[in-house]
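Each remark here refers to the structure printed beneath this line.
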Amino acid sequence: MENIKRYLIRGGKPLKGEVRVSGAKNASLPAISATLLAKGLYKLKNVPKVRDVFVMLNILEYLGAKWAFDKETLKIDTSTISKTEIPYELAHQMRASILFLGALAGGLGEGRVPLPGGCAIGKRPVDFHLKGLSLLGAEVSLDHGDLVIKAKKLRGTTIILDFPSVTTTENLLMASVLSEGETIIKNAAKEPEVVFLGEMLKKMGAEIKGLGEDTIYVKGKKKLKPVEMEVIPDRIEAGTFIVIPGLFEEGEIIVKNIPFHYLETPLQKLTEIGLRVERIDKEVLKVKKKGSLKNTQIFTSPFPGFPTDLQPQFAVLLTQAQGISVINETLFENRFLYVFELNRMGAEIKVENRTAIIKGPTPLEGSPVRATDLRAGAALVLAGLCAKNTTTVYNVELIERGYENLIEKLKNLGAEIVLETGG
Ligand code: EPZ
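Throughout the sequence shown, residue numbering follows my numbering, covering 11 to 433 in sequence.
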């Protein structure tokens with residue numbers, strides 16, 4: 011029997027306490043690929059030790075870089091980079107490997123990156139990336155499943171994105187900072203992780219204006235330099251924890267180290283649902299259950315809208331709310347796979363295309379369930395904490411991709427959860 015990892019959760023016990031948010035996975039990944047834009051020694055602080063980060067670092071190492079964690083500081087030395095081709099074995103594990111396409115084009119003028127496949131939540135095409143890079147003068151072709159890019163001379167231009175795609179904006183920032191002339195990216199993504207990458211590039215010497223706005227202006231430079239950066243906190247991890255108090259009669263949690271404006275929309279949603287949200291310090295939130303939960307409607311949308319990465323977690327919360335709630339998933343075409351696992355626990359959720367209709371409140375009963383993607387897995391853990399008796403969550407490797415020390419953090423809140431491996 012293969013070595014199966016699973017979480018055993020004994021639910022129903024109200025949780026209370028404090029949690030400190032780790033660094034953002036989705037800020038760390040582009041930061042790691044951006045080290046290809048200038049050879050030398052980088053120091054990145056607050057990088058979460060999660061699977062996706064190690065996949066990116068293994069790819070960087072394959073290209074010739076050296077890296078090591080020195081306590082909380084990730085040191086990366088790209089002075090020995092010697093390759094520009096990424097093997098399928100390393101890249102297929104993670105779609106975010108597409109971030110090397112922009113960095114290789116911008117930093118080394120060429121590259122070969124496996125075309126990412128789809129994943130559980132959707133087809134996840136990369137046409138926006140390819141269109142933007144071609145507009146900058148890169149030649150991109152498909153060869154035996156790999157994207158081959160030739161970008162010896164990139165020239166600034168105006169690029170209008172069909173959709174404010176996060177990694178497309180990040181790839182175009184990395185490809186344009188060393189190009190000739192000015193690049194204008196319209197309909198750019200405004201996520202804090204995109205702004206973080208832009209700030210890192212500016213510290214490296216890039217000239218960028220409009221980060222966090224609809225239009226970003228980049229003036230190409232000749233050379234950049236390595237830097238030290240502190241990675242921003244993970245708003246999706248924080249958004250996963252702020253749901254917890256709503257899962258019990260009496261629930262209360264203090265979330266530390268999260269800038270309020272990163273979570274404004276989810277926090278407003280919590281208030282609408284009937285939880286008490288308090289800002290008790292500059293970057294400290296308290297969320298408390300006070301009385302029954304009310305149903306609501308959620309539309310996912312790009313930042314500063316409601317993040318798609320939090321809709322599975324809020325779906326679990328809404329199974330405990332009075333009445334019919336609706337979640338409209340506008341970004342991905344298949345992000346409700348977790349619903350069928352929740353229904354096995356007693357939830358009453360119907361899915362019609364990109365809409366989930368949740369009837370509440372429904373008591374949840376512990377059951378064996380399996381994670382279908384990273385955030386779905388997190389949602390099933392929340393459901394296990396809420397359900398009576400024992401829930402076994404399988405496929406926890408998916409959860410470990412993006413949550414650092416999850417079991418320890420939940421145990422500190424009083425959760426009964428253990429990792430079990432073996433046949
Ligand atoms: C980023 O993915 C995140 N990943 C995702 O988080 C997140 O769900 C997503 O942004 C939306 O916020 C990282 O940052 C590593 P998009 P990304 O390009 O950049 C379509 C997690 O849980 N699209 O903004 O891939 C696409 O199909 C992950 O950490 C195209 O059609 O998302 C989707 O419908 C899951 N063509 C929409 O745009 C393209 O070329 C938004 O995708 C690119 C995207």
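The C-beta atom is built at its ideal place from N, Cα and C for all residues, glycine as well.
These numbers were taken from a predicted model, which means no experiment stands behind them.
Does at least one heavy atom of the ligand EPZ sit under 7 Å from the Cβ of residue i?
| i | result |
| --- | --- |
| residue 206 | no |
| residue 407 | no |
| residue 199 | yes |
| residue 36 | yes |
| residue 196 | no |
| residue 136 | yes |
| residue 139 | yes |
| residue 319 | yes |
| residue 106 | yes |
| residue 39 | yes |
| residue 132 | yes |
| residue 385 | yes |
| residue 311 | no |
| residue 341 | yes |
| residue 178 | yes |
| residue 110 | no |
| residue 251 | no |
| residue 79 | no |
| residue 274 | no |
| residue 412 | yes |
| residue 173 | yes |
| residue 247 | no |
| residue 203 | yes |
Looking at residue i: is its Cβ nearer than 8 Å to the Cβ of residue j?
| i | j | result |
| --- | --- | --- |
| residue 65 | residue 38 | no |
| residue 420 | residue 409 | no |
| residue 199 | residue 161 | no |
| residue 247 | residue 40 | no |
| residue 27 | residue 244 | no |
| residue 143 | residue 191 | no |
| residue 35 | residue 406 | no |
| residue 90 | residue 50 | no |
| residue 183 | residue 208 | yes |
| residue 211 | residue 189 | no |
| residue 123 | residue 156 | yes |
| residue 241 | residue 54 | yes |
| residue 294 | residue 266 | yes |
| residue 105 | residue 126 | yes |
| residue 108 | residue 139 | yes |
| residue 353 | residue 375 | no |
| residue 261 | residue 25 | yes |
| residue 75 | residue 86 | yes |
| residue 404 | residue 380 | yes |
| residue 347 | residue 382 | yes |
| residue 19 | residue 391 | yes |
Pull the bridge partners of residue i from the DSSP assignment, please.
| i | result |
| --- | --- |
| residue 165 | 190 |
| residue 78 | 85 |
| residue 400 | 20 |
| residue 104 | Paired residues: none, contrary to the question. |
| residue 238 | 53 |
| residue 151 | 158 |
| residue 132 | 129 |
| residue 262 | 26 and 298 |
| residue 289 | 295 |
| residue 428 | 18 |
| residue 219 | 227 |
| residue 243 | 33 |
| residue 195 | 169 and 226 |
Give a yes or no on whether 8 Å exceeds the smallest Cβ distance from residue i to chain B.
| i | result |
| --- | --- |
| residue 280 | Going by chain labels, chain B is absent from the structure shown, which holds only one protein chain. |
List, from N- to C-terminal side, the beta strand (DSSP E) runs of 3 residues or more that fit wholly inside the segment 296 to 377.
Listed in chain order, the complete beta strand (DSSP E) runs (minimum 3 residues) inside the segment 296 to 377 are 307 to 309, 331 to 338, 358 to 362 and 365 to 370.
Segments of 4+ residues assigned as alpha helix (DSSP H) that fall wholly inside the segment 12 to 42
As far as the segment 12 to 42 is concerned, it has no whole alpha helix (DSSP H) run of at least 4 residues.
Three or more C-beta pairs closer than 8 Å, one from the segment 76 to 94 and one from the segment 106 to 122: is that the case here?
A contact exists between the segment 76 to 94 and the segment 106 to 122.
For the pair the segment 232 to 247 and the segment 298 to 307, tell me if three or more CB-CB distances fall below 8 Å.
Between the segment 232 to 247 and the segment 298 to 307, the count of C-beta pairs closer than 8 Å stays below three; the two stretches do not touch.
May I ask you to verify whether the segment 251 to 265 touches the segment 214 to 222, counting CB pairs closer than 8 Å and requiring at least 3?
No, they do not touch.
Cβ contact (3+ pairs, closer than 8 Å) linking the segment 42 to 51 and the segment 255 to 270
Of all C-beta pairs linking the segment 42 to 51 to the segment 255 to 270, fewer than three are shorter than 8 Å, placing the two stretches out of contact.
Stretch-stretch touch, CB-based, cutoff 8 Å, three pairs: the segment 320 to 337 with the segment 356 to 366
Three or more beta-carbon pairs separated by less than 8 Å link the segment 320 to 337 to the segment 356 to 366, which places the two stretches in contact.
When you compare the segment 327 to 338 with the segment 366 to 376, are there three or more beta-carbon pairs, one atom per stretch, that lie closer than 8 Å?
Segments in contact, yes.
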